[in-house]
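*Asks:* If you read the sequences in order, they're chains S and P. If you're matching positions, the first sequence starts at 3 in the working numbering and goes up one per residue. If you're matching positions, the second sequence starts at 1476 in the working numbering and goes up one per residue. We put the beta carbon where it would ideally sit given N, CA and C, even for glycine. Before I ask anything, here is the structure I am working with.
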Amino acid sequence: MTDLAERQKLSYIAAQAADARLNVELETEGMTLNIGPQHPATHGTLRIIVRLDGEQVVWAEPSAGYMHRGYEKLTEVRTFPQITTLVNRIDWLGSFANEVPFILAAEKLMEIEAPPRTQHIRTILFELSRIANVSLFLGDLGVQLGAVTPVFYAFRDREYVLNLIESVTGGRFHPNFDRIGGLLDDLPAGFITECKQVMKRLRAFCDEIEDLLFGNEIFQARLRGIGVIPADVAKQYGLSGANLRASGVDFDLRRDQVLPLAYDKVDWKVWTHPDGDSWARCWVRLQETREATKIVDQLLDTLPAGPIMAKVPRIIKVPEGEAWVSTENPLGEMGYYVVSKGDLGPFRVKIRSASFNNISVVPWVLRGVYVPDVISILASLYFILGDIDR
Amino acid sequence: MLAVEIPYWGQSLIRVLAGALAVLVPAGTIVYLFLFKMMSFMQSRLGPMEAGPYGSLQLAAEVGKWMQKEDITPAKADRRVFRAAPLIVLVSTFVLVAVVPFGPDAYFTQFDAGVFYMLAVSSISTLGILLAGWSSANKYSLLGGLRAAGQLIAYELPMVLSVLGVVIQAGTMNLQAIVFKQNTDSIFGWDGIGYPYILTQFVGFLIFMIAVQAELTQAPFDMPVAESELVSGYMTEYSGFRFLIFFIAEFATAGVFALIASVLFLGGWGVPFAWFDWTTIDSVDDWMNVAGPLLMLAKMTVLAGIIMWVRFTYPRFREDQLQRFAWKVLIPLSLANIMVTAVCKVVW
């Protein structure tokens, strides 16, 4: 650990030096490099403008908006039940998790609560989409650092999770399964045994990734002490999710707020890491995937019987009012501020997506690092383009 | 000596054809066997299966595809340099294979400074890569080219130093003579397997293979082409035919370096001469001219398999980390290896 503190100090000094370095001794001219909008590392159309001195970043700025689809505006011309189709597509790797906070906000306005069985199934699907999302991150991490093999293992095992989601909802990527007051349908027959097998498989996948990547010396050398975000900076930039917890802040909305979801009925742990470097962010995500499989296993054991739909009118009109509901999505805190005027659709919806805030720290954290580390830091911050641009 | 007389023009023709074969056969073997198939099996997929039986004609399909594509030269590029750069890289491979002996008479040329020549011409490709990166008028290419230049020069040194151990032990720089020595020497009087230098020069062999990995810019030393950050490094702007040349050169060079490693450390084309009561190169039977190249191909496949295996497994070093690894670990280690070898040579 002393080694790590030393490296953190060095990276801090490098960041300070980078500012003072340009045009001092050699009158060198910097180079502006556009990483993106089309670039393999941004897995989407994010553009990051970096100003380089040699290979050291002096200044960096993310330029978002290349994939803006105007969902906040589109929701104003949709009815409440139609909106889940839209918000599915925000974080496209964990689609179901996008629907839940919106539905909860609408239910909060209508003052109805879903039956216990629905709460359980919602939580199960929520965690399944988290696993589908983060397992791909674990594989993609290898690709960003040059190890091409792990991503195929990630795709292979994620396929089982997607099959599970498909067997319940009928959609692999965009389930559109959540309804105000309940769910579209109950779990299919044989789901519980199948799901338990898949969870076992995913725990094995996590062990495999831990052996392949996290135990690798080169991987550690590339991530340890790189891209350190201290806790106060993380809070100032509004980071959330694993990025915040990796900086040592013990904050998880699944545990810290009361929502009609079944997290309080299971035994699980919120993982944090004191270091705040790229390694810590990746490690926290790995532990969260394991934790999610445990949550799903326990929820399957305690699944209550009963209806899956509360009493809701046939034509849903949400009473006048405002509601804010946020949940701990795979990428971080995702919330909807819904304003209703008593119509069929909302008057205004503000979407707080996790990745947008998570990449706001990029200018701060990229200062003074080298170009290869730009990629590893971006990979460890883990953003989904749809989640940035909405 | 060969039992048949071949006229000079015939020898030249055979040399040219065999040279093309010696470069392209290893390249094709590596690409199909390892890049297409082994990599796929490691990644729990099948790889190409449609073109030809078991995907064996995929290579021809790929070559055909690249030949058809447009050969684009960027508007701002330095046109002549841009166009020449891939050829320089490929030519360095052909020049390199010229000193590799494949049998008692199956060699292109042999002379006493073989090892020296081999190490000298292997760095020509650095020039081609630097030219490609510089002339592309692309920032990613520039970064990739400069990284490549720094890396290839840094790893040239451990390569030279690791080979010196073999040279000291053999007492010659002639590659044919090194093969001869390995197959005629005996281990404490026992000549059952000859005396392949990997037995004593295992440190040198390890350093040589690591340096080869870096010279070929394969992972974990693929920072110059790091596809997730520099798109394709110095190759970014190349398309069609010229990209194909870079691609062939990459794997052909891997094959040639594996051939050289098998000559230096694994006994090359020879079988232990004691098995057949041969005593000199001239007394070796003619059939070794056929068996020798096949043996070399087998050894090359094993060594290239290791190179590719490492490539598919490891993440990449950062530029400064791999420089540190070369200067602080490999070079001192190879110097120590030379010292120990020299002392042992004098003592025994």
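Out of Thr87/S, Lys237/S, Asp159/S, state which residue places its alpha-carbon closest to the alpha-carbon of Thr209/S.
*Replies:* Translated into the one-based positions of the first sequence, residue 209/S becomes position 207. The question names Thr, but residue 209/S in the sequence shown is Asp. Closest by alpha carbon: Asp159/S.
*Asks:* Using a 10 Å radius around the Cβ and a threshold of 16 neighbouring Cβ atoms, would you call Lys202/S buried or exposed?
*Replies:* Sequence index remark: in the first sequence, residue 202/S carries index 200 (1-based). In the assembly as shown, Lys202/S is an exposed residue. Its beta-carbon has fewer than 16 other beta-carbons within 10 Å.
*Asks:* Contact between the segment 256-273 of chain S and the segment 120-134 of chain S is defined here as three or more beta-carbon pairs at a separation below 8 Å; is this criterion met?
*Replies:* yes
*Asks:* Are at least three pairs of beta-carbons, each pair with one atom in the segment 1594-1603 of chain P and one in the segment 1749-1758 of chain P, less than 8 Å apart?
*Replies:* no
*Asks:* Which complete alpha helix (DSSP H) runs does the segment 1709-1741 of chain P hold, if anything under 4 residues is left out?
*Replies:* 1715-1740
*Asks:* My output table needs one value for Asp1752/P: the three-state DSSP class, helix, strand or coil.
*Replies:* Locating residue 1752/P in the second sequence gives position 277, where the first residue counts as 1. Of the three classes helix, strand and coil, the one that applies to Asp1752/P here is coil, per DSSP.
*Asks:* If distances are taken between C-alpha atoms only, which option among Pro309/S, Pro190/S, Leu111/S, Ser97/S comes closest to Glu322/S?
*Replies:* Walking along the first sequence from the start, residue 322/S turns up at place 320. Nearest option by C-alpha distance: Leu111/S.
*Asks:* Exposed or buried, Cys1819/P, counting other C-beta atoms within 10 Å across all chains shown (16 or more means buried)?
*Replies:* Within the second sequence, numbered from 1, the residue matching residue 1819/P stands at position 344. Counting Cβ neighbours within 10 Å, Cys1819/P comes out exposed, since fewer than 16 surround it.
*Asks:* Rounded C-beta distance between Val1590/P and Met1648/P? I'm assuming under 8 Å.
*Replies:* Counting from 1 along the second sequence, the entry for residue 1590/P is found at position 115. Counting from 1 along the second sequence, the entry for residue 1648/P is found at position 173. Sure, about 4 Å apart at Cβ, within 8 Å.
*Asks:* Got a sec? Which residues, its chain only, sit under 7 Å from Ile386/S by beta carbon, not counting five neighbours each side?
*Replies:* Here residue 386/S is taken as the residue at index 384 of the first sequence, counted from 1. Leaving aside the five residues that flank Ile386/S on each side, the residues in its chain whose CB is nearer than 7 Å to its CB run, in chain order, Asp93, Trp94, Leu95, Leu333, Ser357.
*Asks:* What are the residues of the segment 1780-1812 of chain P that lie near chain S, defined by any Cβ-Cβ distance shorter than 8 Å?
*Replies:* Contacts with chain S (Cβ-Cβ distance below 8 Å) from the segment 1780-1812 of chain P involve Phe1787, Thr1788, Tyr1789, Pro1790, Arg1791, Phe1792, Arg1793, Glu1794, Asp1795, Gln1796, listed in chain order.
*Asks:* How would you call Gln238/S, buried or exposed, if buried means at least 16 neighbouring beta carbons within 10 angstroms?
*Replies:* In the first sequence, residue 238/S corresponds to position 236, counting from 1. So Gln238/S ends up on the exposed side.
*Asks:* How many angstroms separate the CA atom of Leu1532/P from the CA atom of Ala1526/P?
*Replies:* If you number the second sequence from 1, residue 1532/P lands on position 57. If you number the second sequence from 1, residue 1526/P lands on position 51. Approximately 5 Å between the Cα atoms of the pair.
*Asks:* Please confirm whether Pro1695/P has its beta-carbon closer than 8 Å to some beta-carbon of chain S.
*Replies:* Taking the first residue of the second sequence as position 1, residue 1695/P is located at position 220. It does: the Cβ of Pro1695/P has a partner Cβ on chain S nearer than 8 Å.
*Asks:* From Pro374/S, Ile379/S, Ser382/S, Arg392/S, pick the residue whose C-alpha is nearest to that of Asp1697/P; which is it?
*Replies:* Counting from one through the second sequence, the residue named residue 1697/P turns up at place 222. Checked all of Pro374/S, Ile379/S, Ser382/S, Arg392/S; the closest Cα to Asp1697/P is Pro374/S.
*Asks:* Does any CB atom of chain S fall closer than 8 Å to the CB of Val1566/P?
*Replies:* Indexing the second sequence from 1 puts residue 1566/P at position 91. So no, Val1566/P is outside the interface.
*Asks:* Kindly indicate if chain P contains any beta-carbon less than 8 Å away from that of Gly148/S.
*Replies:* As a first step, residue 148/S is located in the first sequence; it is residue number 146 there, counting from the start. Cβ-Cβ to chain P under 8 Å: yes for Gly148/S.
*Asks:* So if I threshold CB-CB distances at 8 Å, which residues from the segment 107-119 of chain S count as touching chain C?
*Replies:* Looking for chain C here will not work: the only protein chains present are S and P.
*Asks:* Relative to the C-alpha of Ala1766/P, which candidate in Gly1743/P, Arg1554/P, Phe1792/P has its C-alpha closest?
*Replies:* Within the second sequence, residue 1766/P is the residue found at index 291, counting from 1. Among Gly1743/P, Arg1554/P, Phe1792/P, the Cα nearest to that of Ala1766/P belongs to Gly1743/P.
*Asks:* Quick one: list the residues of chain S neighbouring Gln1518/P, beta-carbon separation under 7 Å, in chain order.
*Replies:* Residue numbering aside, residue 1518/P sits at position 43 when the second sequence is read from its first letter. The answer, in chain order, is Thr151, Phe154.
*Asks:* Among the candidates Leu1602/P, Ile1668/P, Tyr1483/P, whose CA atom is the shortest distance from the CA of Leu1565/P?
*Replies:* For this step, residue 1565/P is matched to residue 90 along the second sequence. Nearest C-alpha to Leu1565/P: Leu1602/P.
*Asks:* Name the one or two DSSP bridge partners that Tyr338/S has.
*Replies:* For the purposes of this step, residue 338/S is taken as the residue at position 336 of the first sequence. Answer is Val327/S, Ile353/S, bridged to Tyr338/S.
*Asks:* Please work out which residues of its chain come closer than 6 Å, Cβ to Cβ, to Ala1733/P, disregarding the five sequence neighbours upstream and downstream, and give them in chain order.
*Replies:* Taking the second sequence and counting its residues from 1, the one referred to as residue 1733/P is at position 258. Only Met1775, Leu1778, Ala1779 meet the Cβ criterion.
*Asks:* According to DSSP, what are the bridge partners of Thr34/S?
*Replies:* Residue 34/S sits at position 32 when you count from the first residue of the first sequence. Answer is Arg53/S, bridged to Thr34/S.
*Asks:* Within 7 Å: the Cβ of Gly67/S and any heavy atom of the ligand MN?
*Replies:* Annotation note on the ligand MN: not contained in the displayed structure, which lists no ligands.
*Asks:* So, is the C-beta of Tyr239/S closer than 8 Å to a C-beta in chain P?
*Replies:* Here the question's residue 239/S lines up with position 237 in the first sequence. Cβ-Cβ to chain P under 8 Å: no for Tyr239/S.
*Asks:* For the segment 208-223 of chain S, list every residue whose C-beta sits within 7 Å of some C-beta in chain P, in sequence order.
*Replies:* Within the segment 208-223 of chain S, the residues whose Cβ lies closer than 7 Å to some Cβ of chain P are Asn218, Ile220, Phe221, Ala223, listed in chain order.
*Asks:* Less than 8 Å between the beta carbons of Asp254/S and Val272/S, yes or no?
*Replies:* Stepping through the first sequence from its first residue, residue 254/S is reached at position 252. Stepping through the first sequence from its first residue, residue 272/S is reached at position 270. Contact: yes.
*Asks:* Assuming Tyr162/S contacts Val200/S under a Cβ cut-off of 8 Å, what Cβ separation, rounded to an integer in Å, is found between them?
*Replies:* The residue you call residue 162/S lines up with position 160 of the first sequence. The residue you call residue 200/S lines up with position 198 of the first sequence. Taking C-beta atoms under 8 Å as the contact rule, Tyr162/S and Val200/S qualify, at a distance of about 5 Å.
*Asks:* For Leu1805/P and Ala1624/P, what's the separation of their Cα atoms in angstroms?
*Replies:* Within the second sequence, the letter at position 330 stands for residue 1805/P. Within the second sequence, the letter at position 149 stands for residue 1624/P. Their backbone Cα atoms lie some 18 Å apart in a straight line.
*Asks:* In whole angstroms, what separates the C-alpha of Gly1619/P from that of Leu130/S?
*Replies:* Indexing the second sequence from 1 puts residue 1619/P at position 144. Indexing the first sequence from 1 puts residue 130/S at position 128. Approximately 40 Å between the Cα atoms of the pair.
*Asks:* In chain S, what lies closer than 9 Å to Lys1614/P by C-beta?
*Replies:* Start at 1 with the first residue of the second sequence, and residue 1614/P comes out as number 139. The answer, in chain order, is Met33, Thr34, Leu35, Asn36, Leu54.
*Asks:* Counting C-beta neighbours from all protein chains within 10 Å, is the total for Pro1561/P 16 or more, i.e. buried, or is it exposed?
*Replies:* Taking the first residue of the second sequence as position 1, residue 1561/P is located at position 86. That one is buried.
*Asks:* Hey, how far is the Cα of Thr1504/P from the Cα of Leu1769/P?
*Replies:* By 1-based counting over the second sequence, the position of residue 1504/P is 29. By 1-based counting over the second sequence, the position of residue 1769/P is 294. Rounded to the nearest angstrom, the two C-alpha atoms are 13 Å apart.
*Asks:* Is the beta carbon of Ala116/S closer than 8 Å to that of Ala312/S?
*Replies:* The residue you call residue 312/S lines up with position 310 of the first sequence. The residue you call residue 116/S lines up with position 114 of the first sequence. Result yes, Cβ atoms of Ala312/S and Ala116/S sit closer than 8 Å.
*Asks:* Exposed or buried, what is Trp1753/P when buried is set at 16 or more other beta-carbons lying within 10 Å of its beta-carbon?
*Replies:* Within the second sequence, the letter at position 278 stands for residue 1753/P. Buried, since its Cβ has 16 or more Cβ neighbours within 10 Å.
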